[in-house]
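J.: Taking the numbering used here, the leading residue of the sequence shown gets 49, the next gets one more, and so forth.
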Amino acid sequence: MSEQEKSYNVNMLKLVREGLTALSDAQAQKRSLQNPVSETHFLGNWIISALKEKRFDIILAGDLNIWLQESRTLGPKADFKQRFEKIERVYTQICELEYKNLTQFILEDILTELDNEGWLIETESNVTDKFKLSSSGENSLVICAEVYDRAFSDTDGVLESPLSVFIRHGDQAFIDKMFSHGYLVFGSTNRSIVKRHNRYILRPFNHAKKLAILPTLAD
Numbered sequence: 049m050s051e052q053e054k055s056y057n058v059n060m061l062k063l064v065r066e067g068l069t070a071l072s073d074a075q076a077q078k079r080s081l082q083n084p085v086s087e088t089h090f091l092g093n094w095i096i097s098a099l100k101e102k103r104f105d106i107i108l109a110g111d112l113n114i115w116l117q118e119s120r121t122l123g124p125k126a127d128f129k130q131r132f133e134k135i136e137r138v139y140t141q142i143c144e145l146e147y148k149n150l151t152q153f154i155l156e157d158i159l160t161e162l163d164n165e166g167w168l169i170e171t172e173s174n175v176t177d178k179f180k181l182s183s184s185g186e187n188s189l190v191i192c193a194e195v196y197d198r199a200f201s202d203t204d205g206v207l208e209s210p211l212s213v214f215i216r217h218g219d220q221a222f223i224d225k226m227f228s229h230g231y232l233v234f235g236s237t238n239r240s241i242v243k244r245h246n247r248y249i250l251r252p253f254n255h256a257k258k259l260a261i262l263p264t265l266a267d
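1. Just the C-alpha distance for Met184 and Trp167, rounded to the nearest angstrom, thanks.
2. Would you grab the beta carbon distance between Asn187 and Gly235 for me? Rounded to a whole angstrom, and I think it's under 8 Å.
3. Would you check if the distance between the CB atom of Leu155 and the CB atom of Ile169 is smaller than 8 Å?
4. If you draw a straight line from the alpha carbon of Leu108 to that of Asn59, how long is it in whole angstroms?
5. Have a look at the DSSP bridge pairing and note the partners of Glu170.
6. Rounded to a whole number of angstroms, what is the C-alpha to C-alpha distance between Phe132 and Leu116?
7. Which ranges does the alpha helix (DSSP H) cover as unbroken runs of at least 4 residues, wholly within the stretch 89-130, from first to last along the chain?
8. What is the DSSP secondary structure of Val242, reduced to helix, strand or coil?
9. Could you tell me whether the Cβ atoms of Val206 and Ile191 are closer together than 8 Å?
10. Compare the C-alpha of Ser86 against each of Ala126, Thr151 and Lys134 and name the closest.
11. Which of helix, strand or coil does DSSP assign to Arg216?
12. Within the continuous alpha helix (DSSP H) that includes Gln152, where are the two ends?
13. I need the straight-line Cα distance from Ile96 to Lys54, nearest angstrom please.
14. So, are the CB atoms of Lys129 and Leu71 less than 8 Å apart?
15. Using a threshold of 8 Å, state whether the C-beta atoms of Ser260 and Val233 are closer than that.
16. From this set, Thr264, His255 and Pro263, which residue's C-alpha is nearest Lys148's C-alpha?
17. Where Tyr139 and Ile249 are concerned, what is the direct C-alpha to C-alpha distance, given to the nearest angstrom?
18. Helix, strand or coil: how does DSSP classify Leu211 here?
19. Give the single residue among Val64, Asp177 and Asn174 whose Cα lies nearest to the Cα of Leu112.
20. Report the residue from Phe222, Ile106, Arg198 and Asn238 whose alpha carbon sits nearest the alpha carbon of Lys257.
The structure is reproduced here in structure tokens:
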């Protein structure tokens, strides 16, 4: 795990807090109106300034550039204030749990919860491009058995390497479930090898060089 991965969460929390503080100060000084259009416009300009001045760690440059493009293409629909507030709620909780790592025992308990909620859970098969899961359309979750065993420590069962999880139908429910236990879920740019399932990543200590998929529980 790189030092950048370890620092991302703290740096992201710092960024959104500074953005929200700048907006609040501007509104108090009547430099920005308290409505969604004005707030998004202000934060869009704040993002431009943050990039030009290199105000934050380089690990956040990708996020800032994405938001910059969204401010140009989406305009008021970018809704940066609501997004920043949501990120702040999520990452405040995660940063308070800085030393909390996922264990195989905890994940098995979570999978049991999903099973009790009617999910189809498959963790005992080795997953290849030819793997197919027979289901009746219910929410389903697949983890390759070989990868599952290798991702966790043999001594204390903690997550040591990124773990791919394949989800069908219940994507947001899984993200919300993991967050309710204190864990983030990350998207993946690699194609899914399980038909009709999306690939997600669980990472040691919730550390990554990218923003997690935000749970609806933070709304």
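We treat Cβ as the ideally placed atom computed from N, Cα and C, and that holds for glycine.
T.: In short:
1. Locating residue 184 in the sequence shown gives position 136, counting from the first residue. Locating residue 167 in the sequence shown gives position 119, counting from the first residue. Position check: residue 184 holds Ser in this sequence, whereas Met was assumed. Ser184 and Trp167: Cα-Cα distance of roughly 11 Å.
2. Stepping through the sequence shown from its first residue, residue 187 is reached at position 139. Stepping through the sequence shown from its first residue, residue 235 is reached at position 187. Incorrect: roughly 18 Å between the Cβ atoms, too far for contact.
3. Walking along the sequence shown from the start, residue 155 turns up at place 107. Walking along the sequence shown from the start, residue 169 turns up at place 121. Contact: no.
4. To locate residue 108, count along the sequence shown from 1; it is residue 60. To locate residue 59, count along the sequence shown from 1; it is residue 11. Roughly 8 Å separates the two Cα atoms.
5. Position 122 of the sequence shown, counted from the first residue, corresponds to residue 170. Beta-bridge pairing links Glu170 to Val190.
6. Counted from its first residue, the sequence shown places residue 132 at position 84. Counted from its first residue, the sequence shown places residue 116 at position 68. Roughly 14 Å separates the two Cα atoms.
7. 109-122
8. Along the sequence shown, read from residue 1 onward, the residue named residue 242 stands at position 194. Val242 falls in the coil class under three-state DSSP.
9. Taking the sequence shown and counting its residues from 1, the one referred to as residue 206 is at position 158. Taking the sequence shown and counting its residues from 1, the one referred to as residue 191 is at position 143. It is not a contact, given that the beta carbons lie outside the stated cut-off.
10. As a first step, residue 86 is located in the sequence shown; it is residue number 38 there, counting from the start. The candidate whose alpha carbon is nearest that of Ser86 is Ala126.
11. For the purposes of this step, residue 216 is taken as residue 168 along the sequence shown, with counting starting at 1. Of the three classes helix, strand and coil, the one that applies to Arg216 here is strand, per DSSP.
12. By 1-based counting over the sequence shown, the position of residue 152 is 104. Its alpha helix (DSSP H) spans residues Gln152 to Asn164.
13. Here residue 96 corresponds to residue number 48 of the sequence shown, with the count starting at 1. Here residue 54 corresponds to residue number 6 of the sequence shown, with the count starting at 1. Distance between the alpha carbons of Ile96 and Lys54: 26 Å.
14. Numbered from 1 along the sequence shown, position 81 holds the residue referred to as residue 129. Numbered from 1 along the sequence shown, position 23 holds the residue referred to as residue 71. Contact: yes.
15. In the sequence shown, the residue the question calls residue 260 occupies position 212. In the sequence shown, the residue the question calls residue 233 occupies position 185. Residue 260 is actually Ala in this sequence, not Ser. Taking 8 Å as the Cβ cut-off, Ala260 and Val233 qualify as a contacting pair.
16. Position 100 of the sequence shown, counted from the start, is the residue given in the question as residue 148. Taking only the C-alpha atoms, the option nearest Lys148 is His255.
17. Residue 139 sits at position 91 when you count from the first residue of the sequence shown. Residue 249 sits at position 201 when you count from the first residue of the sequence shown. Rounded to whole angstroms, Tyr139 to Ile249 spans 17 Å at the Cα level.
18. Numbered from 1 along the sequence shown, position 163 holds the residue referred to as residue 211. Strand, per DSSP.
19. Numbered from its first residue, the sequence shown carries residue 112 at position 64. Closest by alpha carbon: Val64.
20. On the sequence shown, position 209 is the one that residue 257 refers to. Looking at the Cα atoms, Ile106 is the closest of the given residues.
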